[in-house]
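Trainee:
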Amino acid sequence: MNMLIKRVIAIKNPRADNNKLSDLETLADKCATPPLTLMRLMGFFVVSFMLFSVLFSLSVVLRDPPSDAATFFQLNQGLGSDDFDSVELLNDKLLGGLLADGFHEKSCLSRYQSPIFGKGLSGKPSSYLISRLRKYEARHKQCGPYTESYNKTVKEFGSGQFSDSLDCKYVVWISFSGLGNRILTLVSAFLYALLTDRVLLVDPGVDMTDLFCEPFPDASWFVPPDFPLNSHINSFNQESNQCHGKMLKSKSITNSTVPSFVYLHLAHDYDDHDKLFFCDEEQLFLQNIPWLIMKTDNYFIPSLFLMPSFEQELNDLFPKKEKVFHFLGRYLLHPTNNVWGLVVRYYNAYLAKVDERIGIQIRVFDTDPGPFQHVLDQVLACTLKESILPHVNREQNLNPSSGTPKSKAVLITSLSSGYFEKVRDMYWEYPTETGEVVGIYQPSHEGYQQTQKQFHNQKAWAEMYLLSLTDVLVTSSWSTFGYVAQGLGGLKPWILYKPENRTAPNPPCQRAMSMEPCFHAPPFYDCMAKRGTDTGALVPHVRHCEDMSWGLKLVDN
Numbered sequence: 008m009n010m011l012i013k014r015v016i017a018i019k020n021p022r023a024d025n026n027k028l029s030d031l032e033t034l035a036d037k038c039a040t041p042p043l044t045l046m047r048l049m050g051f052f053v054v055s056f057m058l059f060s061v062l063f064s065l066s067v068v069l070r071d072p073p074s075d076a077a078t079f080f081q082l083n084q085g086l087g088s089d090d091f092d093s094v095e096l097l098n099d100k101l102l103g104g105l106l107a108d109g110f111h112e113k114s115c116l117s118r119y120q121s122p123i124f125g126k127g128l129s130g131k132p133s134s135y136l137i138s139r140l141r142k143y144e145a146r147h148k149q150c151g152p153y154t155e156s157y158n159k160t161v162k163e164f165g166s167g168q169f170s171d172s173l174d175c176k177y178v179v180w181i182s183f184s185g186l187g188n189r190i191l192t193l194v195s196a197f198l199y200a201l202l203t204d205r206v207l208l209v210d211p212g213v214d215m216t217d218l219f220c221e222p223f224p225d226a227s228w229f230v231p232p233d234f235p236l237n238s239h240i241n242s243f244n245q246e247s248n249q250c251h252g253k254m255l256k257s258k259s260i261t262n263s264t265v266p267s268f269v270y271l272h273l274a275h276d277y278d279d280h281d282k283l284f285f286c287d288e289e290q291l292f293l294q295n296i297p298w299l300i301m302k303t304d305n306y307f308i309p310s311l312f313l314m315p316s317f318e319q320e321l322n323d324l325f326p327k328k329e330k331v332f333h334f335l336g337r338y339l340l341h342p343t344n345n346v347w348g349l350v351v352r353y354y355n356a357y358l359a360k361v362d363e364r365i366g367i368q369i370r371v372f373d374t375d376p377g378p379f380q381h382v383l384d385q386v387l388a389c390t391l392k393e394s395i396l397p398h399v400n401r402e403q404n405l406n407p408s409s410g411t412p413k414s415k416a417v418l419i420t421s422l423s424s425g426y427f428e429k430v431r432d433m434y435w436e437y438p439t440e441t442g443e444v445v446g447i448y449q450p451s452h453e454g455y456q457q458t459q460k461q462f463h464n465q466k467a468w469a470e471m472y473l474l475s476l477t478d479v480l481v482t483s484s485w486s487t488f489g490y491v492a493q494g495l496g497g498l499k500p501w502i503l504y505k506p507e508n509r510t511a512p513n514p515p516c517q518r519a520m521s522m523e524p525c526f527h528a529p530p531f532y533d534c535m536a537k538r539g540t541d542t543g544a545l546v547p548h549v550r551h552c553e554d555m556s557w558g559l560k561l562v563d564n
């Protein structure tokens, strides 16, 4: 013991002179020699404490790796943000309290890793939104599949009538349309469930379980395989007897009977009777229905903001109106581990170690696959005019530079590889006028949209997420693919105008008013006055879209 204490003393003070070391060794000898007096006990305690300090310090140094925060700073020092709150939340895995803790992290890596590989939130969610999400999670746990409350409502399905004592009511979302539409409508259905104290159940369709993690703790959000309506869920349409619009048209709704379920047809082809869903009077009837079956391909949230019955609740939930999809999307939509692997590997390989990331999303609504010269001309006109991409110098082969040049990674997503190849070759064959180094990348080029193919949709979901991780985003008009990317990333994109007659429009693009998606097929009806009206001119925070003049989108006042 004496020798150990002496060695520790020598380690703690290796530069001490011989006299001081001798004195300390003498003290150590006295501390270790009986009889133990009070003074010797105190000396022994001091030396023991020094020994413990050395051992503890060594254990900390050898055990603790660099923190996630340090790693994240290295990965993201080029991202930048104008929003202080965004910087503050970057390495907060719960996104400022938006996400619930307690999930098994390895079952869904993206849920808590997304701030490390991408961005924090753009702004901070309201405390009221966070509290309502925790309340919803408790309700979902109480009412989710195979719970006592769920089993009770399913048991009463066959009777056609429901008792007033039911604790839980539901909205069932039907998997319908392309992936971008599905994501937008899923968020819409969830907000409606939140506003009406319902539980959201999701039709898994052909691939939803392969794309998205479970967002709620302790209970699934997927419709069980033995749900009584599963055999009919894809056959509901406007002619179904349970269709809300048809019931209004035939005047079959009465106050004396409450049907077991109602089908809500809110797709792009819905008629004036279906659109009465957005009137408070019809919400009074629907609030008594235990099961609402919803089919939609529209992001209908802007019209919810025009309903007086939801006005105060929505104002409390979202003081910043343009961040509805951003907050709810980051709360609900977590890529499965297979999809997250695609995101992480591509980001680390091509996007992580650059000064700036630029996303260009190209969607062409044409019967021919392309590529089209007028689309390429429009993309270059927009990105060069707005200084998103640097001009090239076609007069010389080398650009004299001093120091380390700034680097830009350009992520292009398109069904065609032609646009990527042309832009890549331009920056390979000529130097930039600014001396910047520009890398052009495209993860996939599928040729055409393949909605029902699993891996096609996994790659599409990964590319939407990758676009959301960029610093500057350019998107195509009308494209729900771009809407999802801008909303998740909290980005106000440059929107490419839709070409007409295969001619590049001038100007080529416009900056978006907000990061919110566009509602493509809104109703134009004043429920109080019972007449047509311009629903894009009723309140300051609901305006017509930049890319679709009749559409509606949320903006900040």
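For what it's worth, my numbering labels the leading residue of the sequence shown as 8, then goes sequentially. Yeah, the Cβ is synthetic: ideal placement off N, Cα and C, and Gly gets one too. Predicted, not measured: the structure shown is a model, and the values here were computed from it.
#1: Check whether the Cβ atoms of residue 192 and residue 279 sit closer than 9 Å, and answer yes or no.
#2: How would you write the range of the beta strand (DSSP E) that residue 270 sits in, first residue to last?
#3: Where residue 451 and residue 161 are concerned, what is the direct C-alpha to C-alpha distance, given to the nearest angstrom?
#4: Alpha carbon to alpha carbon, what distance is there between residue 491 and residue 302?
#5: Less than 9 Å separating the beta-carbons of residue 114 and residue 286?
#6: Tell me which same chain residues have a C-beta within less than 8 Å of the C-beta of residue 255, skipping the five on either side of it?
#7: Assuming the contact rule is C-beta atoms closer than 8 Å, residue 337 and residue 128 should be a hit. Round their C-beta distance to whole Å, please.
#8: Using a 10 Å radius around the Cβ and a threshold of 16 neighbouring Cβ atoms, would you call residue 131 buried or exposed?
#9: Please state the DSSP three-state secondary structure of residue 80.
#10: DSSP state of residue 147, grouped into three classes?
#11: Hey, out of 527, 146, 174, 294, whose CA is closest to residue 251's CA?
#12: Run the CB neighbour count on residue 126, radius 10 Å, all protein chains shown included, and call it buried at 16 or more, exposed below.
#13: Between which two residues does the beta strand (DSSP E) holding residue 551 run?
#14: Is it buried or exposed, residue 461, if we count other Cβ atoms within 10 angstroms and call 16 or more buried?
#15: Below 8 Å, can you find three or more Cβ-Cβ pairs linking the segment 521-536 to the segment 306-316?
#16: Suppose you measure from the CA of residue 233 to the CA of residue 106; what does that come to, to the nearest Å?
#17: Three Cβ pairs or more, each shorter than 8 Å: is that satisfied between the segment 389-402 and the segment 427-440?
#18: Between which two residues does the alpha helix (DSSP H) holding residue 449 run?
#19: Checking the sheet assignment: what are the DSSP bridge partners for residue 342?
#20: Count the other C-beta atoms from every protein chain shown that fall within 10 angstroms of the C-beta of residue 405, then say buried if there are 16 or more, exposed otherwise.
#21: Only counting the same chain, and skipping five residues up and downstream in sequence, which positions put a Cβ closer than 6 Å to that of residue 147?
#22: In angstroms with no decimal places, state the Cα-to-Cα distance between residue 150 and residue 270.
#23: Taking residue 324 as the reference, which of 512, 348, 137 has the closest Cα?
#24: Just to confirm the assignment, what range does the alpha helix (DSSP H) spanning residue 416 have?
#25: Below 8 Å on the Cβ atoms is my guess for residue 392 versus residue 515; work out the distance and round it to an integer in Å.
#26: Can you list, in chain order, the residues of its chain whose CB lies under 6 Å from that of residue 551, leaving out five sequence neighbours each side?
#27: Give the secondary structure of residue 478 by DSSP, where H, G and I count as helix, E and B as strand, and everything else as coil.
#28: Three-state secondary structure (DSSP) at residue 442?
#29: Could you check if residue 102 belongs to the surroundings of the ligand SAH, using beta carbon to heavy atom distance under 8 Å?
#30: Hey, out of 214, 209, 242, whose CA is closest to residue 230's CA?
#31: Under the DSSP definition of a beta bridge, which residues are partnered with residue 561?
Mentor: Judging by the given coordinates:
#1: Remark: C-beta atoms of residue 192 and residue 279 do not approach each other more closely than 9 Å.
#2: For residue 270, the enclosing beta strand (DSSP E) covers residues 268-272.
#3: Those two C-alpha atoms are separated by around 44 Å.
#4: Residue 302 and residue 491 have their alpha carbons spaced roughly 19 Å apart.
#5: Contact flag unset, no.
#6: Around residue 255: 280, 283, 289.
#7: Contact flag correct, Cβ pair sits at about 6 Å.
#8: By the beta-carbon neighbour count (other beta carbons within 10 angstroms, threshold 16), residue 131 is buried.
#9: With a pLDDT of 34 at residue 80, under the threshold of 50, the modelled position of this residue cannot be trusted, and the question is left open.
#10: Note: residue 147 maps to helix in three-state DSSP.
#11: Distance from the Cα of residue 251 is smallest, within the candidate group 527, 146, 174, 294, for 294.
#12: Classification of residue 126: buried, given that the 10 Å Cβ count is 16 or more.
#13: Per DSSP, the unbroken beta strand (DSSP E) holding residue 551 starts and ends at 549-551.
#14: With fewer than 16 other CB atoms across the displayed protein chains lying within 10 angstroms of its CB, residue 461 is exposed.
#15: Contact between the segment 521-536 and the segment 306-316 is present, because at least three Cβ pairs lie under 8 Å.
#16: Straight-line measurement puts the Cα of residue 106 at about 30 Å from the Cα of residue 233.
#17: Contact between the segment 389-402 and the segment 427-440 is present, because at least three Cβ pairs lie under 8 Å.
#18: Unbroken run through residue 449: none, as it is neither H nor E.
#19: Per DSSP, 219.
#20: Looking at its Cβ environment, which holds fewer than 16 other Cβ atoms inside 10 Å, residue 405 is exposed.
#21: Here the set comprises 206, 223, 226.
#22: For residue 150 and residue 270, the distance between alpha carbons rounds to 20 Å.
#23: Out of 512, 348, 137, 137 has the C-alpha closest to the C-alpha of residue 324.
#24: Here residue 416 belongs to no alpha helix (DSSP H); instead the beta strand (DSSP E) covers 414-420.
#25: Right, the Cβ-Cβ distance comes to about 7 Å (below 8 Å), so this counts as a contact.
#26: If we look at residue 551 and ignore the five residues flanking it on each side, its Cβ neighbours are 543.
#27: Reduced to three states, the DSSP call for residue 478 is coil.
#28: Reduced to three states, the DSSP call for residue 442 is coil.
#29: Inclusion of the ligand SAH in the displayed structure is not the case, the ligand content being empty and no account of it being possible.
#30: Of 214, 209, 242, the residue nearest in Cα terms is 209.
#31: Residue pairing of residue 561 in beta bridges, as defined by DSSP: 549.
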